[in-house]
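The block underneath contains the structure these notes are about, expressed in structure tokens.
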Amino acid sequence: MSLIDKSADQQPKRAELAISKGWIQGVALVLIFGFFVMGFLAYRTYTDSMPLPQRVVSEAGEVVFTEEEITSGQQIFLRRGLQQYGSIVGHGAYLGPDYTAEYLRLASEHVIESLTNQGAQDPSGATIEMMRTNRYDPGTGDLVFTAEQITAFEEIRDYYADFFGTETTEYGLLPSKITDPQEIHELTAFFGWTAWAGAAERPGLDYSYTNNWPPEPRVDNYPTADILVWSGMSLVALLGGLGALFAIYGRWSKKIGWQGSEAPSLRFQQPGEVGITKAQKSTAWFFLVVSLLFLIQTTLGAAIEHYRAHISDFFGLDLAQLLPFNLARTWHVQLSLLWTAAAFLAIAIFLAPIISGREPKRQHWLSYGLLGALAAVVGGMFVGTAVSTFGPEWAVGSIFFDQQWEYLDL
Numbered sequence: 189m190s191l192i193d194k195s196a197d198q199q200p201k202r203a204e205l206a207i208s209k210g211w212i213q214g215v216a217l218v219l220i221f222g223f224f225v226m227g228f229l230a231y232r233t234y235t236d237s238m239p240l241p242q243r244v245v246s247e248a249g250e251v252v253f254t255e256e257e258i259t260s261g262q263q264i265f266l267r268r269g270l271q272q273y274g275s276i277v278g279h280g281a282y283l284g285p286d287y288t289a290e291y292l293r294l295a296s297e298h299v300i301e302s303l304t305n306q307g308a309q310d311p312s313g314a315t316i317e318m319m320r321t322n323r324y325d326p327g328t329g330d331l332v333f334t335a336e337q338i339t340a341f342e343e344i345r346d347y348y349a350d351f352f353g354t355e356t357t358e359y360g361l362l363p364s365k366i367t368d369p370q371e372i373h374e375l376t377a378f379f380g381w382t383a384w385a386g387a388a389e390r391p392g393l394d395y396s397y398t399n400n401w402p403p404e405p406r407v408d409n410y411p412t413a414d415i416l417v418w419s420g421m422s423l424v425a426l427l428g429g430l431g432a433l434f435a436i437y438g439r440w441s442k443k444i445g446w447q448g449s450e451a452p453s454l455r456f457q458q459p460g461e462v463g464i465t466k467a468q469k470s471t472a473w474f475f476l477v478v479s480l481l482f483l484i485q486t487t488l489g490a491a492i493e494h495y496r497a498h499i500s501d502f503f504g505l506d507l508a509q510l511l512p513f514n515l516a517r518t519w520h521v522q523l524s525l526l527w528t529a530a531a532f533l534a535i536a537i538f539l540a541p542i543i544s545g546r547e548p549k550r551q552h553w554l555s556y557g558l559l560g561a562l563a564a565v566v567g568g569m570f571v572g573t574a575v576s577t578f579g580p581e582w583a584v585g586s587i588f589f590d591q592q593w594e595y596l597d598l
């Protein structure tokens with residue numbers, strides 16, 4: 189009888205990793221570094237962002253608009269669905285104008301005309317100097333507008349009153365979209381603040397708070413050299429890095445820690461030979477819903493593109509009366525998120541028993557419950573955003589309806 193313990197020899201050997209530990213550590217370091225950079229940039233976004241003045245005043249100290257009116261204008265911009273119609277500093281939809289660029293263009297044209305009427309020898313140069321000079325006082329929180337900038341603001345405010353108050357659907361919006369003079373004032377204040385930040389130079393620098401965006405030759409807004417260089421470098425680094433990675437893997441995969449293995453032979457079974465669990469069968473409904481949502485999304489996408497060709501006519505039908513552009517785009521964006529999420533849920537439910545080799549009892553009921561929750565989310569999104577567009581004033585911008593922040597609108 190042997191007294192030698194053979195248990196150690198009978199321990200199963202740990203499977204060899206397909207890649208070396210160095211690669212795992214490298215991936216971990218890349219993730220940590222990437223999230224650190226993202227967090228740092230998020231911090232810089234708040235610390236180095238364009239200032240929000242407490243008051244915008246004339247040279248004599250008269251108030252033109254306030255911080256509260258700027259932030260109220262931002263809320264109006266969102267709850268009226270304008271984020272899904274036009275854009276601010278290039279972010280948003282693109283049927284309507286970029287309101288930052290439009291305000292900057294209208295204001296600079298007004299200033300040039302005013303200076304020309306005053307007999308200025310170089311009105312264009314004087315306009316550039318006026319629009320790019322930063323008159324914000326961080327000590328008092330006041331931003332000073334010149335007389336020409338104030339009259340430009342008043343003229344643009346009247347322009348937006350006509351634009352949003354039109355009784356037709358010529359712009360792809362509901363008739364009389366915004367008619368309240370105070371809302372128009374606040375909305376114009378918001379546009380004016382973003383336009384000021386787009387042209388006024390940062391203290392001690394020769395470019396604006398938005399790196400001279402949007403482009404506007406009337407105020408000397410052109411891309412800086414740093415933007416061109418780093419945009420090109422980022423593209424070169426992305427494509428070059430991917431190419432180098434694939435080249436190294438294809439040439440020296442084993443030397444750098446990738447352990448190759450023979451591919452196992454596969455045997456395919458007939459559909460009738462494969463056992464399907466109840467939860468897996470329930471995913472058929474998920475895929476049906478995914479197909480329907482995808483069909484609706486593509487139909488809405490066709491309607492959105494039709495707006496760009498014929499903004500006020502859909503084969504003789506005034507489409508904007510029934511489905512304004514901003515509502516169609518809201519639904520289009522939401523559905524792209526919803527059917528993608530639903531497809532991932534269905535795939536996970538279907539693959540889980542195959543991977544684990546078992547399925548918990550009554551899991552199919554949980555699957556149907558999840559399907560019901562999905563239906564509630566989809567229905568709530570459709571109804572909520574529609575009520576926010578067509579419904580009573582109290583529903584506009586409500587937390588239970590449409591806020592124009594895509595992920596929150598779900």
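First residue of the sequence shown? That's 189 in my numbering, and the numbers climb one at a time after it.
We put the CB at the ideal spot given by N, CA and C, even for glycine.
Exercise. Name the DSSP bridge partner or partners of His279?
Worked result: As a first step, residue 279 is located in the sequence shown; it is residue number 91 there, counting from the start. Paired residues: Ile276.
Exercise. Does the ligand ZN have even one heavy atom less than 6 Å from the beta-carbon of Ser312?
Worked result: Within the structure as shown, the ligand ZN is missing, as the structure has no ligands at all.
For this session: My understanding is that Ile366 touches Phe378, with C-beta atoms under 8 Å, so please give their C-beta distance in whole angstroms.
Result: As a working mapping, residue 366 is identified with position 178 in the sequence shown. As a working mapping, residue 378 is identified with position 190 in the sequence shown. The distance from the Cβ of Ile366 to that of Phe378 is about 12 Å, inconsistent with a contact at the 8 Å cut-off.
For this session: Since I believe Ala530 is in contact with Val478 (beta carbons under 8 Å), could you give me their beta-carbon distance rounded to a whole number of angstroms?
Result: Here residue 478 is taken as the residue at index 290 of the sequence shown, counted from 1. Here residue 530 is taken as the residue at index 342 of the sequence shown, counted from 1. The Cβ separation is near 5 Å, so the contact holds.
Exercise. Which value, in whole angstroms, describes the spacing of the CA atoms of Tyr556 and Val565?
Worked result: For the purposes of this step, residue 556 is identified with residue 368 of the sequence shown, where counting begins at 1. For the purposes of this step, residue 565 is identified with residue 377 of the sequence shown, where counting begins at 1. Computed Cα separation, rounded: 14 Å.
Exercise. Taking the alpha carbon of Leu372 as the point to measure from, which residue in Arg345, Trp553, Phe221 and Asn322 has its own alpha carbon closest?
Worked result: Mapped onto the sequence shown, residue 372 falls at position 184. Position check: residue 372 holds Ile in this sequence, whereas Leu was assumed. Selected option, being the one with the closest Cα: Arg345.
Exercise. Buried or exposed: where does Asn305 fall if 16 or more other Cβ atoms within 10 Å of its Cβ makes it buried?
Worked result: Residue mapping note: residue 305 aligns to position 117 of the sequence shown, counting from 1. That one is exposed.
Problem set entry | Nearest-angstrom Cα separation, counted from His279 out to Ala289 | Translated into the one-based positions of the sequence shown, residue 289 becomes position 101. Translated into the one-based positions of the sequence shown, residue 279 becomes position 91. For Ala289 and His279, the distance between alpha carbons rounds to 12 Å.
For this session: Using three-state DSSP, classify Asp236 as helix, strand or coil.
Result: In the sequence shown, the residue the question calls residue 236 occupies position 48. Of the three classes helix, strand and coil, the one that applies to Asp236 here is coil, per DSSP.
Exercise. Where do the ends of the beta strand (DSSP E) carrying Asp286 lie?
Worked result: Translated into positions along the sequence shown, residue 286 becomes position 98. Looking at the DSSP string, Asp286 is not in any beta strand (DSSP E), and its letter there is neither H nor E.
Problem set entry | Exposure label - Met189; buried when at least 16 CB within 10 Å | In the sequence shown, residue 189 corresponds to position 1, counting from 1. Confidence at Met189 is low in this model, with a pLDDT of 46, below 50, so its placement is unreliable and no value can be given for it.
Exercise. Do Gly360 and Leu283 have their CB atoms nearer than 7 Å?
Worked result: Indexing the sequence shown from 1 puts residue 360 at position 172. Indexing the sequence shown from 1 puts residue 283 at position 95. Their beta carbons are under 7 Å apart, which means Gly360 touches Leu283 by this criterion.
For this session: Using only alpha-carbon positions, find the residue among Arg232, Val218 and Ser396 that is nearest to Tyr324.
Result: Taking the first residue of the sequence shown as position 1, residue 324 is located at position 136. The shortest Cα separation from Tyr324 among Arg232, Val218 and Ser396 belongs to Ser396.
For this session: Would you decide whether Leu481 is buried or exposed? Buried here means 16 or more other CB atoms lie within 10 Å of its CB.
Result: The residue you call residue 481 lines up with position 293 of the sequence shown. The residue in question, Leu481, is buried, as its Cβ has 16 or more Cβ neighbours within 10 Å.
Exercise. Rounded to the nearest angstrom, how far is the Cβ of Asn514 from that of Tyr287, given a contact under 8 Å?
Worked result: Position 326 of the sequence shown, counted from the first residue, corresponds to residue 514. Position 99 of the sequence shown, counted from the first residue, corresponds to residue 287. No, Asn514 and Tyr287 are not in contact; Cβ-Cβ is about 14 Å, not under 8 Å.
For this session: Go to Thr254, then tell me how far its beta strand (DSSP E) extends in each direction, as first and last residue.
Result: To locate residue 254, count along the sequence shown from 1; it is residue 66. For Thr254, the uninterrupted beta strand (DSSP E) run begins and ends at Val251 to Thr254, by DSSP.
For this session: In the DSSP assignment, find the alpha helix (DSSP H) that holds Gln525 and state where it starts and stops.
Result: Mapped onto the sequence shown, residue 525 falls at position 337. Correcting the residue identity first, residue 525 is Leu in this sequence and not Gln. Where Leu525 is concerned, the enclosing alpha helix (DSSP H) stretches over Phe513 to Ser544.
For this session: Could you tell me the distance, in whole angstroms, from the CA atom of Thr259 to the CA atom of Arg243?
Result: Here the question's residue 259 lines up with position 71 in the sequence shown. Here the question's residue 243 lines up with position 55 in the sequence shown. Whole-angstrom Cα-Cα distance: 12 Å.
For this session: Have a look at Ile543 and Ala536 and give me their C-alpha separation to the nearest angstrom.
Result: Residue mapping note: residue 543 aligns to position 355 of the sequence shown, counting from 1. Residue mapping note: residue 536 aligns to position 348 of the sequence shown, counting from 1. Roughly 10 Å between the two C-alpha positions.
Exercise. Which residues bound the beta strand (DSSP E) around Asp506?
Worked result: Your numbering for residue 506 matches position 318 in the sequence shown. Segment: none, Asp506 is in no beta strand (DSSP E) and carries neither H nor E.
Exercise. By DSSP, does Tyr495 sit in helix, in strand, or in coil?
Worked result: For the purposes of this step, residue 495 is taken as the residue at position 307 of the sequence shown. Here Tyr495 sits in helix by DSSP.
For this session: Would you tell me roughly how many angstroms separate the C-alpha atoms of Ile484 and Asp368, rounded to the nearest one?
Result: Position 296 of the sequence shown, counted from the first residue, corresponds to residue 484. Position 180 of the sequence shown, counted from the first residue, corresponds to residue 368. Computed Cα separation, rounded: 35 Å.
Exercise. If you run the structure through DSSP and keep just helix, strand and coil, what is Ser208?
Worked result: Within the sequence shown, the letter at position 20 stands for residue 208. Correct three-state label for Ser208: coil.
Exercise. Do the segment 319-337 and the segment 388-407 meet, that is, are 3 or more Cβ pairs less than 8 Å apart?
Worked result: yes
Exercise. Along the chain, where does the alpha helix (DSSP H) that runs through Leu423 open and close?
Worked result: Indexing the sequence shown from 1 puts residue 423 at position 235. Run containing Leu423: Ala413 to Trp440, per the alpha helix (DSSP H) assignment.
Exercise. In the segment 332-373, which residue ranges form an unbroken alpha helix (DSSP H) of at least 4 residues, counting only runs that do not cross its ends?
Worked result: 335-353
Exercise. Around the C-beta of Phe578, are 16 or more other C-beta atoms found within 10 angstroms, so that it is buried, or is it exposed?
Worked result: Counting from one through the sequence shown, the residue named residue 578 turns up at place 390. So Phe578 counts as exposed.
Problem set entry | Reduced DSSP secondary structure (H/G/I, E/B, other) of Leu191 | Start at 1 with the first residue of the sequence shown, and residue 191 comes out as number 3. Because the pLDDT of Leu191 is 49, which lies under 50, any placement of that residue in the model is unreliable, and the number read from its coordinates should be weighed accordingly. Coil, per DSSP.
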